[in-house]
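Protein chains in written order, with our numbering: chain A, 3 to 152; chain B, 3 to 152. The structure appears below as structure tokens.
Number of protein chains: 2
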Amino acid sequence: MVTNTKDTDALLALQKAGISKTSQRLAVLNILLKATRPLNANTIRQALKTKASIDKVTVYRVLSIFKKSGMIREIASAGGANYFEMVSLENPLHPHFSCRNCGTFVCMEPAPFIKMPELILSKDDYSIEHIEINISGLCADCRDTTKTES
Amino acid sequence: MVTNTKDTDALLALQKAGISKTSQRLAVLNILLKATRPLNANTIRQALKTKASIDKVTVYRVLSIFKKSGMIREIASAGGANYFEMVSLENPLHPHFSCRNCGTFVCMEPAPFIKMPELILSKDDYSIEHIEINISGLCADCRDTTKTES
DNA sequence: TAATTGTTGCAACCCGGTTGCATTTTTGAT
DNA sequence: ATCAAAAATGCAACCGGGTTGCAACAATTA
Chain A
3 MVTNTKDTDA LLALQKAGIS KTSQRLAVLN ILLKATRPLN ANTIRQALKT KASIDKVTVY
63 RVLSIFKKSG MIREIASAGG ANYFEMVSLE NPLHPHFSCR NCGTFVCMEP APFIKMPELI
123 LSKDDYSIEH IEINISGLCA DCRDTTKTES
Chain B
3 MVTNTKDTDA LLALQKAGIS KTSQRLAVLN ILLKATRPLN ANTIRQALKT KASIDKVTVY
63 RVLSIFKKSG MIREIASAGG ANYFEMVSLE NPLHPHFSCR NCGTFVCMEP APFIKMPELI
123 LSKDDYSIEH IEINISGLCA DCRDTTKTES
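Quick look at the structure:
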């Protein structure tokens with residue numbers, strides 16, 4: 003296996019999380035590290051297909067482990083496949099936008115929401131573990147072109 | 003069919019929305035009107051089973067029509083079935099909480115979020131149509147009892 | 001009441017995700 | 001390095017939510 007800089011990052015991350023390192027896990031982690039937007043299981047698998055073959059089940063299991071370790075977070079998608087993205091100080095909890103026309107799924111600026119978690123956490127009716135803000139509508143492209151078959 | 007007060011409400015609602023009225027639609031609508039928390043398709047169907055039989059497909063189609071007409075809103079649930087609740091002035095957009103232990107799905111106070119939609123709508127990168135705030139963790143009961151098999 | 005239109009129910013299907021189990025890979029101690 | 005124990009992978013089969021095609025059925029309108 004080729005060990006480039008990316009692989010080094012991934013290796014260290016796995017080590018730090020106490021997760022045993024396999025080629026499949028490194029591969030998935032590298033895809034997620036390179037991603038500029040959240041990815042779903044199938045997209046990850048397809049991105050990998052050129053380099054190596056990895057079973058669909060394995061992708062889900064790897065993602066599950068990463069999630070449990072806190073390395074990634076999962077974002078529910080109404081009806082479709084769920085998305086995954088890296089968790090880090092530079093990538094705090096933030097809202098996501100999905101276009102109902104083209105399906106684009108992107109991150110939104112966290113600014114207006116930054117104080118929200120604290121507001122809710124002050125309630126003692128619940129033990130909050132995860133907050134998800136999903137926004138949908140039309141992206142700029144789909145709004146501007148008239149391709150929006152309602 | 004018995005026509006009680008609830009039925010009258012439902013009838014009027016369908017009329018106002020220009021939706022042709024069938025016994026199945028009235029039945030589903032009555033369940034939703036009586037509900038004190040969001041319901042999923044299966045729950046609705048089971049609530050109906052004692053009174054009348056309604057096919058699973060019909061439930062989804064009826065819910066789809068209601069949603070298109072703006073009478074109800076749909077709330078995505080990560081992994082599980084989606085939930086539905088009435089839309090009204092007294093029931094504005096608000097966050098929902100789901101317990102990872104017992105699955106309870108309830109509405110949360112909208113107070114801290116009231117100003118959010120406006121904040122986001124000010125962005126012109128997107129045409130916002132729907133905002134969903136889903137919070138998960140442990141409900142008070144599951145937190146307090148030690149039944150929380152992690 | 002006949003014709004048109006829309007709605008329902010059944011079966012079959014699609015897709016995201018999971019489980020059981022046999023095989024292969026990692027790990028860790030020698 | 002090597003070998004046993006433990007863990008991870010891949011395959012097949014499955015599960016549950018949700019949808020589609022189509023024939024039978026209700027309900028409106030004339």
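For glycine and all other residues, C-beta sits at the position ideal for the given N, C-alpha and C. Since we're looking at a predicted model, the values are computed, not measured.
Which of the three DSSP states is assigned to residue i in this structure?
{"i": "A:Asn136", "result": "strand"}
{"i": "A:Leu95", "result": "coil"}
{"i": "B:Cys144", "result": "helix"}
{"i": "A:Ser25", "result": "helix"}
{"i": "B:Arg39", "result": "coil"}
{"i": "B:Arg47", "result": "helix"}
{"i": "A:Arg102", "result": "coil"}
{"i": "A:Ser79", "result": "coil"}
{"i": "B:Ser129", "result": "strand"}
{"i": "A:Val108", "result": "strand"}
{"i": "A:Ile74", "result": "strand"}
{"i": "A:Ser90", "result": "strand"}
{"i": "A:Met3", "result": "Interpretation of A:Met3 is limited by its pLDDT of 39, a score under 50 that renders its predicted location unreliable; the figure taken from the coordinates is listed afterwards. Of the three classes helix, strand and coil, the one that applies to A:Met3 here is coil, per DSSP."}
Establish whether the CB of residue i and some CB of chain B are separated by less than 7 Å.
{"i": "A:Asp146", "result": "no"}
{"i": "A:Asp127", "result": "yes"}
{"i": "A:Val59", "result": "no"}
With a cut-off of 7 Å, does the C-beta of residue i fall near any C-beta of chain A?
{"i": "B:Ala19", "result": "no"}
Would you list, in chain order, the members of the stretch 129-144 of chain B that have their beta-carbon closer than 7 Å to a beta-carbon of chain A? Ser129, Ile130, Glu131, His132, Ile133, Glu134, Ile135, Asn136, Ile137, Ser138, Gly139, Leu140, Cys141, Ala142
For the stretch 63-71 of chain B against the stretch 61-74 of chain A, do three or more pairs of beta-carbon atoms, one drawn from each stretch, fall closer than 8 Å, so that the two count as touching? Taking 8 Å as the limit for Cβ pairs, the verdict is that the stretch 61-74 of chain A does not touch the stretch 63-71 of chain B.
Members of the stretch 80-103 of chain A that neighbour chain B once the beta carbon cut-off is set at 9 Å: Ala80, Gly81, Asn84, Pro97, Phe99, Cys101, Arg102
Per the contact definition of three or more C-beta pairs closer than 8 Å, is the stretch 22-37 of chain A in contact with the stretch 47-64 of chain A? yes
Looking at chain A, which residues of the stretch 66-79 of chain B have a Cβ within less than 9 Å of any of its Cβ atoms? Glu76, Ile77, Ala78, Ser79
If contact is defined by three or more beta carbon pairs under 8 Å, each pair taking one atom from either stretch, is the stretch 36-45 of chain A in contact with the stretch 93-112 of chain B? no
The stretch 129-143 of chain B touching the stretch 129-147 of chain A, judged by at least three CB pairs closer than 8 Å: yes
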